[in-house]
Amino acid sequence: MLEGAAVLFIATAVVKILGGIFKIPLGNFIGELGMGYFQTAYDLYLPVYSVALAGMPVAVCRLVAESVAKERFRDTRRILSVARRSFFIVGVIACLILIAIAYPYLSLVLKQTNGLPGVLVIAPSIIFCCVVAAYRGYYQGLFNMNVTAVTEVIEAVGKLIIGLILAFAVGKAGAPPQYQAAAAIMGITIGTLFSAVYASIRYKRSGDGITAEQLRLSPPAKDSNATLKALMMIAVPMALGSLATQIAGMIDVMTVQSRLLTSVTENTEIFKVNYPEMWQALLADADAGGTDAGVIKLVPTYLYGCYKGFAFSVYNLIPSITSMLGVSAVPAMTTAWANRCKRDVRKNFEMVIRVSSLVALPSGFGICALAGGIMNLLYASKPIGASIAGPVLSIFGIAVIFCGISMPMTSLLQAIGKERVPVYNMIVGAILKIIVNYIFVAIPSVNVKGAAIGTVVCYAYILIADFYVLCKYTKIVPNLMTTIIKPLIASAMCGITAWAVSGIAGHFMSDKISTVLAILVACVVYVIAVLVLRVLSHDDIVSLPKGEKIAALLEKRRWI
26 MLEGAAVLFI ATAVVKILGG IFKIPLGNFI GELGMGYFQT AYDLYLPVYS
76 VALAGMPVAV CRLVAESVAK ERFRDTRRIL SVARRSFFIV GVIACLILIA
126 IAYPYLSLVL KQTNGLPGVL VIAPSIIFCC VVAAYRGYYQ GLFNMNVTAV
176 TEVIEAVGKL IIGLILAFAV GKAGAPPQYQ AAAAIMGITI GTLFSAVYAS
226 IRYKRSGDGI TAEQLRLSPP AKDSNATLKA LMMIAVPMAL GSLATQIAGM
276 IDVMTVQSRL LTSVTENTEI FKVNYPEMWQ ALLADADAGG TDAGVIKLVP
326 TYLYGCYKGF AFSVYNLIPS ITSMLGVSAV PAMTTAWANR CKRDVRKNFE
376 MVIRVSSLVA LPSGFGICAL AGGIMNLLYA SKPIGASIAG PVLSIFGIAV
426 IFCGISMPMT SLLQAIGKER VPVYNMIVGA ILKIIVNYIF VAIPSVNVKG
476 AAIGTVVCYA YILIADFYVL CKYTKIVPNL MTTIIKPLIA SAMCGITAWA
526 VSGIAGHFMS DKISTVLAIL VACVVYVIAV LVLRVLSHDD IVSLPKGEKI
576 AALLEKRRWI
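Residue numbers (our numbering): 26 to 585.
#1: Please give me, in chain order, every unbroken run of the alpha helix (DSSP H) with length at least 4 that falls completely inside the region 291-345.
#2: So, helix, strand or coil for C366, using DSSP?
#3: Going by the CB atoms, is the gap between P244 and S587 shorter than 8 Å?
#4: Count the CB pairs spanning the region 140-147 and the region 97-115 that are closer than 8 Å, and state whether there are at least three.
#5: By alpha-carbon positions, which one of K254, K41, S562, V541 ends up nearest to I8?
#6: List, from N- to C-terminal side, the alpha helix (DSSP H) runs of 4 residues or more that fit wholly inside the region 104-157.
#7: Is the CB-CB distance between V89 and Y163 below 8 Å?
#8: How about the region 455-463 and the region 515-535: do they share at least three Cβ pairs that are nearer than 8 Å?
#9: Would you call the CB atoms of Y486 and V453 closer than 8 Å?
#10: With C-beta atoms as the reference, is G422 less than 8 Å away from C393?
#11: V557: buried (16+ other C-beta within 10 angstroms of its C-beta) or exposed?
#12: Relative to the alpha-carbon of M257, which residue among N171, S220, L69, R87 has its alpha-carbon at the smallest distance?
#13: What residue from L342, N472, K511, D536 has the CA that sits closest to F34's CA?
#14: Quick check: the Cα distance between V281 and A125, rounded to an integer number of angstroms?
#15: Comparing C-alpha positions only, which one of L58, L253, V324 sits nearest to I114?
#16: Given A313, which residues of its chain have a CB within under 8 Å of its CB, disregarding the five upstream and five downstream residues?
#17: Apply the 10 Å Cβ neighbour rule to L395 and answer buried if 16 or more other Cβ atoms are within range, or exposed otherwise.
#18: Do three or more CB pairs link the region 439-449 to the region 295-302 at distances below 8 Å?
#19: Nearest by alpha-carbon distance to A309: which of L58, W584, I468 is it?
#20: Label C154 either buried or exposed according to how many other C-beta atoms from any shown protein chain fall within 10 Å of its C-beta, with 16 as the threshold for buried.
#21: How far does the alpha helix (DSSP H) with S516 in it reach, from first residue to last?
#22: Quick one: Cα of A477 to Cα of T435, how far?
#23: What's the gap between the Cα of L191 and the Cα of E238?
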């Protein structure tokens with residue numbers, strides 16, 4: 026499990042670095058309004074995409090892992106064949122639905138259609154993503170995470186190179202921000218196309234490792250209808266739950282911008298005093314017409330661009346990484362659960378919590394401590410947006426902890442056949458977020474920071490609820506000292522170090538240099554604290570590539 030997770034960690038790190046290379050210059054080039062249009066299009070696309078793909082890779086992964094464990098290799102092949110056909114059909118339907126709802130949603134709900142070009146450009150990517158999902162789930166069930174890793178990197182490279190080139194070209198031609206955003210989104214669609222082509226070619230050329238002898242000795246495969254039914258039994262409940270969650274998410278998007286509009290309309294003078302630089306910048310924008318009334322209409326999009334385009338991009342890095350641990354854990358946990366091996370179930374449960382805590386806790390503390398410096402470092406050419414996004418990111422630092430640990434636990438619940446439970450928990454969490462958003466975003470002094478507070482409340486609930494259900498159904502309570510408390514102590518030392526170094530160094534050097542120095546020193550302190558507290562186990566290290574040599578060295582120094 027950890028070896029597969031290591032592959033996905035590396036791939037996700039590469040993807041996020043490429044994503045940063047994409048979004049940071051993109052944000053600096055197309056500005057806060059352009060990022061607002063980019064996120065508006067993406068936020069409409071994401072619910073349809075999520076519902077279309079909900080449960081697909083997990084369903085394929087679970088069925089493949091179970092069939093391999095029972096040595097039913099003909100079933101294994103049949104699962105992929107059925108998944109490819111059915112997932113493609115789902116992708117086409119989802120693409121058409123997205124195109125159909127785009128204009129009514131934007132014009133009637135958000136009262137602006139500038140996000141429409143981006144939605145139309147990104148819609149076909151759902152088809153390609155569904156095709157890739159079949160291959161990813163298949164190879165994950167075979168304990169091969171390389172295909173998932175490579176396809177993710179291909180998508181990121183396509184988005185980076187093609188998206189930036191097109192955005193810069195369209196911008197240099199004098200096109201308005203909404204078309205610059207659409208050009209950038211085109212890179213996402215082309216990247217997913219390349220990913221689907223690679224996955225198909227890879228399977229045809231390299232196969233799946235199942236031998237002719239294994240197929241010969243395997244029982245006859247179930248018919249296609251039975252296989253499709255088994256896939257749907259897992260995927261459909263998750264899709265329905267995801268639909269409810271995504272509807273709540275769309276309401277969330279609407280409440281943020283609508284409540285911001287209400288707040289700025291009723292408290293215009295407060296916003297002018299609190300954000301004078303933003304106000305002057307928007308007055309100069311052509312869409313504002315040089316009037317306060319014009320600025321009021323643009324403020325929600327501007328602040329939403331700071332919230333979702335700037336701060337959220339950094340926040341989302343850590344949950345994306347820890348979720349890969351959950352992806353890698355599904356086949357291992359499924360096999361242990363199917364074989365009723367309680368020892369392996371406990372081992373996987375504790376390992377997932379410990380490793381996700383080792384990543385999420387220090388990241389959350391560090392982001393809280395250095396939020397302002399991180400925003401200024403990444404968006405130096407957009408100081409107004411960076412200054413607004415800094416406090417938002419600081420709140421997101423708390424959410425990183427809850428979300429980063431809860432994401433892999435969702436995968437564990439799916440692995441033991443409780444795929445509906447995390448969906449129900451997500452729905453409750455989303456409702457809580459909507460309530461918090463509605464109350465806090467309309468407060469002028471809080472405004473867009475209220476959406477970040479809602480995220481904290483949402484994932485705090487999901488973490489507690491998922492953990493409770495996992496303990497209930499597995500009848501296992503993990504060792505909290507090794508999985509949570511020790512990583513928490515080391516992470517607190519990391520966060521305090523980052524805050525102290527940044528504060529002290531800020532008196533002697535620039536904000537950018539002091540931020541980088543604080544990150545480096547905090548990382549060193551964290552590694553030392555983890556080793557001194559002996560947080561890592563021998564199994565954790567040995568499971569990693571070259572783990573035997575590393576474990577021998579650490580054992581010699583009594584650090585594990």
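Quick reminder that beta carbons are idealized off the backbone N, C-alpha and C, glycines included.
Per the coordinate set shown:
#1: 293-299, 301-308, 317-329, 337-340
#2: coil
#3: With the chain running from 26 to 585 in the structure shown, residue 587 is simply not present.
#4: no
#5: Residue numbering for the chain in the displayed model covers 26 to 585; residue 8 lies beyond these limits and cannot be assessed.
#6: 141-147
#7: yes
#8: Note that the region 455-463 does not touch the region 515-535; fewer than 3 beta-carbon pairs, one per stretch, sit closer than 8 Å.
#9: yes
#10: yes
#11: By the 16-neighbour rule on beta-carbons within 10 angstroms, V557 is exposed.
#12: Cα-wise, what sits closest to M257 is R87.
#13: L342
#14: 24 Å
#15: Considering only alpha carbons, the answer is L253.
#16: For A313, where only same-chain residues beyond five positions count, the Cβ hits under 8 Å are L307, G319, V320, K322, L323.
#17: buried
#18: no
#19: It is L58.
#20: buried
#21: 511-530
#22: 21 Å
#23: 50 Å
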